[in-house]
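Please read the structure below before turning to the comments.
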Amino acid sequence: MYLLKFAKCIVELERIYGVRDGRANLEGSNQYTNGIGESNNFTHQKTQTDIAQELDITKQQLHNYKKLLALIPELQDIVEEQDLKARAVSL
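According to my numbering, the sequence shown is numbered sequentially starting from 2.
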């Protein structure tokens, strides 16, 4: 019953800490700075690995939680009701 809330918390933590996907921007700054080259207010810049360790989950689990948010609402409801396992199946 908490899977989607937990996934939303992960996404919000990444937003707060300034974690983003991709390469450095044109000014040469990395994921720890916003688009205009200003760094965020944290002295130790967080990564997805850091966030996963703080939440006592693996980085792969962190990614899997975030994938739940990409499901259509009907499937999210099924996962929340635990009628469907919340894990990816490789084809």
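Idealized CB from N, CA, C, for every residue including glycine.
Just so it is clear, the structure is predicted and the values come from calculations on it, not from any experiment.
Quick one: what's got a C-beta closer than 8 angstroms to residue i's C-beta in the same chain, skipping five residues either side?
i, result
"K60", "Q49, T50 and A53"
"I11", "I52, L56, L63, Y66 and K67"
"A71", "none"
Compare the C-beta of residue i against all C-beta atoms of chain B and say whether one is closer than 8 angstroms.
i, result
"E13", "Note that chain B does not occur in the displayed structure, where there is just one protein chain."
Starting from residue i and walking both ways along the alpha helix (DSSP H), at which residues does that stretch end?
i, result
"D51", "Q49 to E55"
"Q62", "K60 to L69"
"L72", "Taken as a continuous stretch (DSSP letters only), L72 belongs to no alpha helix (DSSP H), as it is neither H nor E."
"R1", "The requested residue 1 is not part of the displayed model; the chain covers only 2 to 92."
Tell me which same chain residues have a C-beta within less than 7 angstroms of the C-beta of residue i, skipping the five on either side of it?
i, result
"L69", "L4, L5, A8, Q77, V80 and A87"
"I73", "none"
Distance, Cα to Cα, residue i vs residue j?
i, j, result
"I17", "K47", "10 angstroms"
"I58", "E75", "26 angstroms"
Who are the Cβ neighbours of residue i in its own chain at under 6 angstroms, not counting the five residues just before and after it?
i, result
"L14", "I52"
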